[in-house]
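Right, one structure below, let's go through it.
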Amino acid sequence: MNFEIAGKTAVVTAGSLGIGKATALSLAKEGANVAICGRDEGNLAAAVQDIQSQVDVNIFTSVVDVSDASQIQRFISEVQGEFGAVSILVNNAGGPKVGNYQTVDSQDWVDAYHLTLRSAVTTTELVLDDMKRAQWGRIVNISSFSIKQPIPEILLSNVMRMGVQGWAKSLSLDIGAYGITINTVCPGWTLTDRVKSMLSGTDGDKRQQAIIDDIPLGRFAYPDEIASMVTFLASQQASYITGTAIPVDGGVIKGSL
C-alpha cells in the first residue's frame, strides 16, 4: 500500500531506540524525511547507521532531552530549517520512574509530567502552525496499554499517559477542521530496553513468563509491529481516524472497550 507520505517531513521524538527507532525506520521506508532526537549522541549515531543501511534516506538528528521545553523548541526550529514544514509528528518519550504511591515523591511527579505529558503538548504546539497552513497533519502519540488497564508499579506512567490521551482527545475537537488528526497508539508488552530493564533481576525470567502467560498471542511484541500502526495513522489512508487510542497489545487488555 502507498501511504502517500513520500517527501513529507516527519519528527519522531526519542527516536534512537526501541519503538521510536522502529517508527523512524518505517516512516523512512515510506519516503518521508525523518528527524529524530534522543538524549544520547551515540545511540542517535547508531540509529542513523542502522536506518541508512536499510533505506537510502537523510536522517536529521539532534541531542534533546524532551523534558526541557527549550531543547524541544531548538530541535523543531532546526528541523524546519533542514526540511521545511513538519507534516507528521510522533510524540514518544521514555517512561518515568518506576514505583507506586509509596515510593515516588513530589519531584518524581513533576519530572513525570514534563517527560510524558508536557513534552507532547510542547512539541505539538510547535508544529501546529505548519500543519494548519498545509491543511494536513498527522500527530501520533506512542503511549501504553496502561491507559486502558493500569500496570502495577508504574504509577507515574499510568497517570501521565492517561493525561496524554485526555489532552489528545480534547485537541482533536479543535484541529480536525484543518485536516489534522491526532491519535494514540497503546503498545502492549514490547521487547524494548525499558521493558527488559523492568524485568531484569533474579526473578526476571519468572516474571516474564507470567506476563507471556497472560497475553493471548503468547509472546511480547516487536517494536516494528508497533511502528506499523504508527505509520498507518500517519498516512493519508488514516484520514478519517482521530481522537482514538488504539491498542497493539496481543490481546492483553481484558476489557471490551
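Heads up: the sequence shown runs through residues 18 to 274, numbered per my numbering. We put the CB at the ideal spot given by N, CA and C, even for glycine. Quick caveat: nothing in here was measured; it's all calculated off a predicted structure.
query: Identify, in the order they occur along the chain, each residue of the same chain with its Cβ nearer than 8 Å to the Cβ of isoleucine 243, setting aside the five sequence neighbours on each side.; result: Ile36, Ala39, Thr40, Ile159, Val202, Pro204, Thr207, Val265
query: Which of helix, strand or coil does DSSP assign to alanine 238?; result: strand
query: Who pairs with alanine 52 in a beta bridge, going by DSSP?; result: Val28, Phe77
query: With DSSP as the reference, please indicate the residues paired to alanine 262 in a beta bridge.; result: Thr201
query: With glycine 180 as the anchor, note down where its alpha helix (DSSP H) starts and where it stops.; result: 172-192
query: I'd like to know if the segment 114-126 and the segment 141-158 are in contact, where contact means that at least 3 CB-CB pairs between them fall below 8 Å.; result: no
query: If you run the structure through DSSP and keep just helix, strand and coil, what is isoleucine 270?; result: coil
query: Beta-carbon within less than 6 Å of alanine 49's beta-carbon, same chain only, minus the 5 sequence neighbours each way: which residues are those?; result: Ile22, Lys25, Ala27
query: Please name the residue in Ser70, Gln69, Gln88 whose C-alpha comes closest to that of cysteine 54.; result: Gln88
query: Any chance the segment 153-168 sits against the segment 101-108, with 3 or more Cβ pairs inside 8 Å?; result: yes
query: Can you find a CB in chain D that lies within less than 8 Å of the CB of proline 113?; result: Judged by its chain identifiers, the structure shown contains no chain D, having just a single protein chain.
query: Buried or exposed: where does proline 169 fall if 16 or more other Cβ atoms within 10 Å of its Cβ makes it buried?; result: exposed
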